[in-house]
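J.: Please find one structure pasted underneath; my questions will follow.
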Amino acid sequence: MKKNVFALVSSVAVLGAALAGCAGGQQATTDPKPAEGTTGQQPAAPAEKKPQVLKLNLHSEPPTADPGISEDTTSAAIIRATFDGLTRVDASQQPVMSVAESYELSEDMLTYTFKLKDTKWANGEPVTAHDFEYAWKRALDPNTASNYAYQLYYVKNGEAFNKGTASRDDVGVKALDDKTLEVKLENPTPFFLELTAFPTYFPVNKKLVESNPKWAAEASTHMGNGPFKMETWEHKSKLVLVKNENYWDKDTVKLDRIEFAMVEDENTELSMFENGEIDWAGSPTSSLPTDAIPALKEQKKITTQAIAGTYWYKFNTEKPPFNNVKIRKAFAYSIDRQSLIDNILQTGQLPAMGAVPPSMALKPDGFFKDNDVETAKKLLDEGMKELGITKLPPITLSYNTSEAHQKIAAAIQDQWKKNLGVEVKLENKEWKVYLEDMHQGNYQIGRLGWLGDFNDPINFLEMYKDKDGGNNDTRWEHPKFKELLNQSATEPDPAKRKQILLEAETILMDEMPVAPIYFYTNSWVQKENVKGVVIGGLGDVDWKWASVE
Amino acid sequence: MIRYLGKRIIFMILSLFLIVTATFFIMKAVPGGPFTSEKNVPDEIRAALEAKYKLNLPLHEQYLDYLIGVIKWDLGPSFAEKSSTVNDMINRGFPVSAHLGLQALLLAVFGGIILGVIAALRHNKWQDYLAMLIAVLGLSVPGFILASFYQYFFAIKWGLFPIAKWEGFEYTVLPSLALAAMPIAFIARLTRSNMLEVMGQDYIKTAKAKGLNTFTITVKHAIRNALLPVITYLGPLLANILTGAFVIERIFGIPGLGREFVISITNRDYTVIMGTTVFYSIILVVSVLLVDIAYTLVDPRIKLSDTGKE
């Protein structure tokens, strides 16, 4: 009996040893871990010049690497690294000429004529004005079904072509010759140069795209004209970019490689960072786990930067009691934004006292006071009198299922109870169900956020122009507000235009169909030797100028 | 046997058809669609998108198209991941999930049986208590906690294994262990109690009386009979380990299919929801069939036939 038990036990031991053996062997292979060392296997590379490798995490697979159909930040990050537009937004947040050498703007501000540099695609073919013309018309073509086609609506007949009421040839973009691109606009658009740095405006290689509709899905067929080119794309697992030797400004590009992992779990990502496996964790391609933020802040490891985004509560202005402007204001004024930021959000967000974020603010000091309980109480009383009620109907605050939204809602519920004496019920819904309800006006108060697509206040005002505009949700409409926005579209003088937009925002804040809560920030941790990563005011990232020292 | 199998296969196809149909209509009934987003797109763009993905067709046509697609095994493009089709996603993700799952399954089966047999043979001795302690821990500590625990000790503290990603054998060890923890525990307990029961039976006593040694008795007579319930558990376990690895895959950054299964629903990525559901349903029904066949191999008393039932 004893012997046989011994046999069993020893077989277990063998199994254990086998496992331990793998462990031992593995240790030997991963031991030379000093991050950069692993890629040092280039044959006969001079020992002094170590390749510069940046290791990052993408959080998830980029849904596409095709500039014409991209719509999300992950895709945009990869596209910005592998493509180059007429302009590029640099560290000072200004668009600088990139593929374009210079431009001329007509007197009426409606026609841009771009002169292009001698630049090349990653395979060495020249980038021509025809590539731009093709790319823009392709994105506008309804058959392409590009989500972001509306980014090109500033181009003459862009919208009409997308809607099918104008032909492809009517679109106001034309290659006069290989090096000259003429763009006609619908209206004077002061932020147009900045738009040309946006992925939808990037060129695509006509020959490639027409010959292979799946060109953007694999590294082997993907081709851009940007500072980097794609070397490997193991879907959901790994993406490697290497320096593009055919890039016109290759001397500026310091990095030889960027290696992306695609780990979705934020805690794992942070562990990888702390273990030295990646050089950066958190925004803009991912986010930090909320629970780890206080500790990281205490160790002063975290960097935060404001981005052009507003988190707000929307009121359904068609349903009582929020059909009354004073009651809407009372609810908005009695929120203590600073305490929410200090106690719940904890990553240096800015309290929002207006709709337009600080980077493009029309009135930087805001339109009202944070936590103005006195005024709020008065307004609530007056509002109730106007409605002829002595007691508010039951009020429900909705949000989509998420820990952060839940905490914010609970805190605001508490503030409303304390400051105004009103009982508010909380209700959470699954994301898409929630959006559907918001868009259909099936709510009383609900949260949403808005991130700017380009650096102009119109981004944050336009959605409230029409009652049934796709993103309004509040069912609020104001003739004067509408008129001002229309006026701003045709105003060629930037100073006057700004004045008009300020007037519009003032009306919006006077009427308060939305209660702004805070302006978003990006927060991340990075290794100190990583320099020159440009994080734009819109939360976009560009590695063109990055280096690892 | 052949007749029985034929009948089983027809039933399998029928149940797959019902699953496909039910999933399709439930999915369509859920509010929100693939293009519902925080930034609503203008109507004409939405219309273009719907036309591209044929969502503008009447429901019954979409349903028919889908059924034809399933029969041809062409599951359509993904809405969320524009560069991939559902077939691409399954072809890429499933081998990874299967690799991880089978490794975990082997670990669970061999580890669990060995622990269970030891516990039974050393009933009420320290070996038994130790094995059962491991089993209780495996059953009561959720996989994602174990996973973070492994990451902390094995990867960060001792540097034995990588924290995450999927690039070689060493990357599979921690996730397999995390995934196997619960089935190891379950199989160990199952084996132990069955072994105890079997060891008390007359034929074992007979064998002992004949003077056979314990090893022969255990391996030839006892384990074989004690394993029947374990085999019953293997079918659902196989399906479970292949589909249920979502959390583990997420924590270890593994590019498997489990994640699509879950994320496609929040994205309302219709084609992926359908594709993964059909695919996993096939795995489930096939693994149940395999288990039934395995019965006959282990226990000759069981015959697979629909005639001559007692």
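Heads up: the sequence lines are chains A and B, in that order. Going by full-length UniProt numbering, the first sequence opens with residue 1, and the numbers climb by one from there. Going by full-length UniProt numbering, the second sequence opens with residue 1, and the numbers climb by one from there. Every residue, glycine too, gets a C-beta built ideally from N, C-alpha and C.
#1: Would B/Q103 pass as an interface residue toward chain A - the criterion being a Cβ-Cβ separation below 8 Å?
#2: A/G282 lies in the beta strand (DSSP E); which residues open and close that run?
#3: Around the Cβ of A/A76, are there at least 16 other Cβ atoms within 10 angstroms (buried) or fewer (exposed)?
#4: B/I113 CB to nearest chain A CB: under 8 Å?
#5: Express the C-alpha separation of B/E61 and B/M27 in angstroms, rounding to a whole number.
#6: Helix, strand or coil, according to DSSP, for B/E38 in the structure here?
#7: Can you give me the C-alpha to C-alpha distance between A/K418 and A/T304, rounded to a whole angstrom?
#8: My assumption, with CB atoms under 8 Å, is that B/G253 sits in contact with A/E264. Please give the rounded CB distance.
#9: Taking only three categories from DSSP, how would you classify B/W158?
#10: At least one CB of chain B closer than 8 Å to the CB of A/S488: is that the case?
#11: Quick one, which of B/M274, B/D299, B/I293 has its alpha-carbon nearest B/L16's?
#12: Please identify the residue among A/K467, A/N471, A/R497, A/K137 whose C-alpha is closest to the C-alpha of A/L485.
#13: Is A/L501 closer than 8 Å to A/Y464 when the C-beta atoms are compared?
#14: Run through chain A and tell me which residues come within less than 7 Å of B/Q62, C-beta to C-beta.
#15: Quick one: using the 10 Å Cβ neighbour count with 16 as the cut-off for buried, is B/Y152 buried or exposed?
#16: Can you confirm whether A/K156, when its beta carbon is compared against all beta carbons of chain B, has any partner nearer than 8 Å?
#17: For A/K391 and A/K326, what's the separation of their Cα atoms in angstroms?
#18: For a quick check, are the C-beta atoms of B/V278 and B/V70 less than 8 Å apart?
#19: Tell me which same chain residues have a C-beta within less than 6 Å of the C-beta of A/N472, skipping the five on either side of it?
#20: Could you tell me which residues DSSP puts in a beta bridge with A/E182?
#21: For the ligand ADP, I want to know if B/K82 counts as a neighbour, meaning its beta carbon is within less than 7 Å of at least one of the ligand's heavy atoms.
#22: According to DSSP, is A/P126 part of a helix, a strand, or is it coil?
#23: Taking the alpha helix (DSSP H) that B/F169 falls in, what are its first and last residues?
#24: Rounded to whole angstroms, what is the Cα-Cα separation between A/K378 and A/S334?
#25: Throw me the rounded Cβ distance for the B/G93 and B/R268 pair, which I believe falls under 8 Å.
#26: Under three-state DSSP, which class holds A/G452?
#27: Within the 8 Å Cβ cut-off, does A/K432 reach chain B?
#28: In this structure, does DSSP put A/A100 in helix, strand or coil?
#29: When you compare the CB of B/G275 with every CB in chain A, is at least one pair closer than 8 Å?
#30: Within 8 Å, do at least three Cβ pairs link the stretch 177-193 of chain A to the stretch 60-76 of chain A?
#31: Tell me, please, whether the CB atom of B/G211 is closer than 8 Å to any CB atom in chain A?
#32: Using a cut-off of 9 Å between C-beta atoms, extract the partners of B/R189 located in chain A.
#33: Using a Cβ-Cβ cut-off of 7 Å (strictly less than) and excluding sequence neighbours within five positions of B/G76, which residues of its own chain qualify?
#34: Spatial neighbours of A/D90 within its chain, please: C-beta separation below 6 Å, excluding the five flanking residues on both sides.
#35: Thinking C-beta only, is A/G449 closer than 8 Å to A/L538?
#36: Can you give, in chain order, each stretch of the alpha helix (DSSP H) that sits fully within the stretch 196-233 of chain B and has at least 4 residues?
T.: If we stick to the structure as given:
#1: Taking CB atoms only, B/Q103 has no neighbour in chain A less than 8 Å away.
#2: Looking at the DSSP string, the run of the beta strand (DSSP E) that includes A/G282 is 280-282.
#3: Looking at its Cβ environment, which holds 16 or more other Cβ atoms inside 10 Å, A/A76 is buried.
#4: By this cut-off, B/I113 is not an interface position.
#5: In a straight line, the C-alpha of B/M27 is about 15 Å away from that of B/E61.
#6: Three-state DSSP puts B/E38 in coil, outside helix and strand.
#7: A/K418 and A/T304 have their C-alpha atoms some 32 Å from each other.
#8: Going by Cβ atoms, the distance from B/G253 to A/E264 rounds to 7 Å, so yes, they are a contact pair.
#9: Coil.
#10: No, because no Cβ of chain B sits closer than 8 Å to the Cβ of A/S488.
#11: Checking every option, the nearest Cα to that of B/L16 belongs to B/M274.
#12: Out of A/K467, A/N471, A/R497, A/K137, A/R497 has the C-alpha closest to the C-alpha of A/L485.
#13: Against a cut-off of 8 Å, the Cβ pair of A/L501 and A/Y464 comes out as no contact.
#14: Listed by position along chain A, the residues whose Cβ is nearer than 7 Å to that of B/Q62 form an empty set, because the closest Cβ is around 17 Å away.
#15: Taking every protein chain shown into account, the CB of B/Y152 has fewer than 16 other CB atoms within 10 angstroms, so this residue is exposed.
#16: The beta-carbon of A/K156 is placed no less than 8 Å from the nearest beta-carbon of chain B.
#17: A direct Cα-Cα distance of roughly 15 Å separates A/K391 from A/K326.
#18: Their beta carbons are under 8 Å apart, which means B/V278 touches B/V70 by this criterion.
#19: For A/N472, where only same-chain residues beyond five positions count, the Cβ hits under 6 Å are M463, Y464.
#20: DSSP lists A/T113, A/K174 as partners of A/E182.
#21: The ligand ADP is not among the ligands present in this structure, which contains no ligands whatsoever.
#22: Three-state DSSP puts A/P126 in a strand.
#23: Judged by DSSP secondary structure, B/F169 falls within the alpha helix (DSSP H) whose first and last residues are 169-199.
#24: If you take the alpha carbons of A/K378 and A/S334, they lie about 11 Å apart.
#25: Contact flag wrong, Cβ pair sits at about 19 Å.
#26: Residue state, collapsed to three classes: coil.
#27: Chain B contact via Cβ: present.
#28: A/A100 falls in the strand class under three-state DSSP.
#29: Not closer than 8 Å to any Cβ of chain A, the Cβ of B/G275 fails to qualify, so no.
#30: Result no; under three Cβ-Cβ pairs closer than 8 Å.
#31: Interface residue (Cβ-Cβ distance to chain A less than 8 Å): B/G211 is not classified as such.
#32: Chain A residues near B/R189: none, gap ~17 Å exceeds 9 Å.
#33: Excluding residues up to 5 positions away in sequence, G69, T85, V86, T271 lie with their Cβ nearer than 7 Å to the Cβ of B/G76 in the same chain.
#34: Apart from the 5 residues on each side of it in sequence, A/D90 sits with its Cβ closer than 6 Å to the Cβ of V96 in its chain, given in chain order.
#35: Using a Cβ distance threshold of 8 Å, A/L538 and A/G449 do not count as a contacting pair.
#36: Those alpha helix (DSSP H) runs which fall completely within the stretch 196-233 of chain B and span 4+ residues are 202-209.
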